[in-house]
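Here the structure is laid out as structure tokens; the discussion comes afterwards.
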Amino acid sequence: MNRILEFDCSCPTTETRLFCEELFRRIPRNKGLSSSVSGGSSDYQELRKKKKYTLLDAGDEEERSNVGVGNEKKDSGESGNGRRRYRKRRQEEEDEEEETRFQHQTKEEEMKDKMVRRFKDTMKSEIVALREASRARYLKDRVKKKLEEIRDEIEDDDNMFGGIKLSEFETLRQNYKRRSVEVIKSRPEADKDYYEMPEAYDRDGVINQDKRFAAAVQRYKEPGETGGKMNSFRDQEVWEENQIGKATVKFGSKDKKTKSDDYQYVFDNQIVFTKTSVMDGEKYENDLCSDRQQESQSRDKLTLFTKHQDQRRNLPIYHYREELLKAIKDHQILVVVGETGSGKTTQLPQYLHEAGYTEHGKKIACTQPRRVAAMSVAARVSKEMGVKLGHEVGYSIRFEDCTSNKTVLEYMTDGMLLREFLVDPQLSSYSVVMVDEAHERTISTDILFGLLKDLSRSRSDLKLLISSATLDAEKFSDYFDRAPIFKIPGRRFPIDVLNTKAPEPDYLDAAVSTVLQIHVTQQQGDILVFLPGQEEIESAEEILKHRIRGLRSKIAELIICPVYGNLPTDLQVKIFEPTPEGARKVVLATNIAETSLTIDGIKYVVDPGFCKLKSYNPRTGMDSLLVHPISKASAMQRAGRSGRTGPGLCYRLYTSYNYQNDMEENTVPEIQRTNLANVILTLKNLGIHDVVHFDYMDPPPVEVIVQALELLTVLGALDIKGELTLVGRRMAEFPVDPMLSKMIIASEKYRCSEEVITIAAMLDVGNSIFYRPKNKQVLADNAKMNFYTENCGDHIALLKVYNSWKEAAFSTQWCFENFIQVRSMKRARDIRDQLEGLLERVGIMVTSSADDLDAVKKAIISGFLPHSAKLDKFGLYQTFKNRQTVHIHPSSGLAQSLSRCIIYHELVLTTKEYTRQVTEVNPQWLVEIAPHYYSQKDVEALKLKKMARGEGRATQG
DNA sequence: GAGCACTGC
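Each position in the first sequence, counted from 1, maps to that position plus 153 in my numbering.
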């Protein structure tokens, strides 16, 4: 009894649920049908107004009022009829009992007493069944009412949309309704509108409860079921969803704006795609099958180690093992081409190890462009070899050296190998160097190319492997003295590439439309959309949400996951969560998803063909971060993201003509579009004097090299002959930009190294310290302004942020409270620790200037002396040297104030020329600190202007 | 009152 009552309480719409269970039980299950039946041509709200539905509504109200009210109250209403009768009877019986207690004389009375006691015994066990029977009867009535409702709907539909052509969904829905009616009608006695209480008493006057309830329960039993209870919740949910859909959404032929012969869903700007090409998969499926077989066979019998060995044998590269080893033996340099999944990164070093290249204490190095890749690959290989990570197989990345003297296979970031060159220019501990993902052309990789090529001439025993994706293999081969190319097939499913028929004027809108198009017309599979930046992702998210709002009950659930670098990690994790059944995930990502993140289950890629690209202008010394069309290689890479777990589809929002004729083959390598000051300093430190004629694979513009040389000279890292000075040598020790390292070196003079390395670390992590969520911008801004005090710029604010965090014991909670990104702070701490260690190495004491912020500012000037600007008479800033108009970025604490002379960390062209991370300084200090760069005249002029402006203001006031 | 792709030492 309790069980039933509790159940009633916890489920406010039990009647509804049971009704619907009954309904669904009787109707043949058809998933597609039941999900498409949602919504209705007639508007539920309007239906509610009609009189014939008031009865139903009253029932609904009653259900609602029953929620949370005591159980007793449940006995009211239609469901209580039987119970009321029963109660009445019970009361009578009780009265009789009272009577017998006093009289108790005749036999007749004794018999009566006996009967009552028997009745009471059976009461407890039967009351449960009685309630159920009563409820079942109520449900029967509901079925009838619902049936009536559906009939009316059909009638309405016929009247309203009789002559209009319906969409497939609407037709389906109507058919579904008609079928529902037929099915219910064909049920025996469905239309009988009275209920017979079975005979309760036998002829001899004895109550026969079995007989009484058996009949009531019988009708609501499913064949084969043991009890009359129904317990499917899923169908209930489906039905409720449909009801909600009816109540909130208007949809149907009447809402149709344009008349077309046939349609499913009408979008204002439906995009027409043409299939232009197919990227073939490479004999994947057979492999996969054998993979699975192998896996299932080996799961129980084999150990983990042998299982790994089995998997190794199934990789495409396995068939080429001997040939590869022979090629490596015969040639000093080999270009290996293998697409994702070929197994080159994990297998090649192992083959070399097995072939004896690690004898005599030599190691094999394999470089990766990213830290995560180096770590995860090393972990994988150590498992395959059955050794502990850090022993025979290790990795070495910044802040983390996971190797030992036993290590023979060393995975490392490319920057790390570059640092290794500084220590040991002969790389004498390595027998093989493999540069993986060479096609990514990071700066470090490009510099490594030149150094390794040179080294290979002096060290004939050193084997060099350059591994890359297909496209530019010939280029690598040409560069490395026509080294042979070894091709390994990849493992990928075929991908259909679709291009638009006409160019799309608004890629954002087109991307959103395409996503919806895919969502309603294509089968299961997640969607990945590439967008240039955070802003575009956020607006795409909003538009998408807005557009599916009106369709929620018509289409499957669409889960929107934004991903970009600055997104806090805990929000990034969302994209890896498996998509729930029946739903679809759409990932809105920046280029982060092109190489850095791999998301499982992506079947559709939407590629608008743009990305943000940073490029450097040596004349203005300014970086620009602007939206550019992507390259063909990049487009291929993006498309490839869809074919990882099954055949994929790539929707390109540009024409195939654009692709063929307007897009570059490859993205301009980083080395040709970056400030090279750091690279030049590194090369100089390696003893390469002629940096202009260094063997670059793609030489950077000479202007950029010259400008870098100039800067290094100004900073005192190079002397007049272009040779590295002591200052330059010390600067090169620090793995940061030359301006930052100069600032650190200068902190020795101003006795504030403690503060300066903190600022350097905070500047180095970039602009991801403060987090500003869209819905809490004011709060976030207020929290940020707490770190700004009088006479305090962005640099000092960063210092305060770090120190406050330190005082809060590096607390994560503190970060949340202050809208600070923990991830960035942890990184800043790592960098700071590293810098602190390096201070010692170059012989600088860690000293604090305490509260003397001027000392800190002077150290900043020493590093960033070309980055100064002054306020002109129009209230705009002009750089001292280039006379270029710049603006203080609104995110800066100084954006509102007018400081007459500022030092900035960087200058980036986005919508305007913005200086970021700004501090006000005394112009006189510029001359003091850098008399070789600033003349007294520059500063005097500023003073005069200031006076003139002051007077102007005075007269105005 | 703007908006910052991704890396690496």
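Glycine residues also receive a C-beta, built at the ideal position from the N, C-alpha and C atoms.
All values reported here derive from a predicted model rather than from experimental measurement.
Note down the Cα distance separating residue i from residue j, rounded to an integer number of angstroms.
i     : j     : result
Q987  : V995  : 13 Å
N819  : V739  : 28 Å
V716  : T743  : 7 Å
L806  : K541  : 47 Å
G718  : K1065 : 23 Å
L562  : T498  : 12 Å
Y583  : I424  : 55 Å
K727  : D947  : 33 Å
L601  : N944  : 45 Å
A1048 : V1061 : 15 Å
C968  : R925  : 12 Å
V1118 : Y849  : With the chain covering only 154 through 1110, there is no way to say anything about residue 1118.
I841  : P761  : 43 Å
D851  : P822  : 8 Å
H1040 : L864  : 23 Å
L778  : T1063 : 6 Å
R826  : Y769  : 5 Å
L605  : M565  : 16 Å
Q389  : F426  : Residue placement at Q389 cannot be trusted, given a pLDDT of 40 that sits under 50; the coordinates are not used to answer.
P658  : A709  : 29 Å
P891  : L697  : 44 Å
N920  : T942  : 20 Å
P1093 : V1074 : It is Glu, not Pro, that sits at residue 1093 in the sequence shown. Cα-Cα distance, rounded: 15 Å.
K1090 : F887  : 35 Å
T667  : L661  : 10 Å
S581  : T429  : 51 Å
Where does residue i land, buried or exposed, given buried means 16+ other C-beta within 10 angstroms?
i     : result
S1111 : The displayed coordinates of the chain run from 154 to 1110. Any statement about residue 1111 would go beyond what the structure contains.
L992  : buried
S557  : exposed
E590  : buried
F763  : buried
S630  : buried
Q930  : exposed
A527  : buried
P853  : buried
Taking the Cβ atom as the reference point for each residue, do residue i and residue j lie within a distance shorter than 8 Å?
i     : j     : result
F972  : A933  : yes
I858  : L839  : no
D679  : K756  : yes
V954  : D917  : no
E907  : S1015 : no
I619  : V488  : yes
I949  : T1072 : yes
S1021 : I997  : no
D567  : P522  : yes
Hey, could you find the ends of the beta strand (DSSP E) residue i is sitting in?
i    : result
R612 : Segment: none, R612 is in no beta strand (DSSP E) and carries neither H nor E.
G547 : 546–550
D554 : 553–555
F639 : 638–641
T911 : Segment 906–917 is the alpha helix (DSSP H) holding T911; no beta strand (DSSP E) there.
Taking the alpha helix (DSSP H) that residue i belongs to, which residues open and close that run?
i    : result
K767 : Premise fails: K767 lies in the beta strand (DSSP E), 763–770, not in any alpha helix (DSSP H).
M938 : 930–938
T866 : 855–867
S584 : No alpha helix (DSSP H) contains S584, which is instead part of the beta strand (DSSP E) from 583–588.
I424 : Note, I424: premise wrong, no alpha helix (DSSP H); not H, not E.
Checking the sheet assignment: what are the DSSP bridge partners for residue i?
i     : result
G1028 : In DSSP, G1028 forms no bridge with anything.
Y804  : L651, V759
L741  : V682, P715
Q521  : T566
P782  : F763
D776  : Y769, V1061
F923  : I973
R1069 : E1059
V673  : Beta-bridge pairing links V673 to no other residue.
Nearer than 7 Å: is that true of the beta carbon of residue i relative to any heavy atom of the ligand SAH?
i    : result
I280 : Inclusion of the ligand SAH in the displayed structure is not the case, the ligand content being empty and no account of it being possible.
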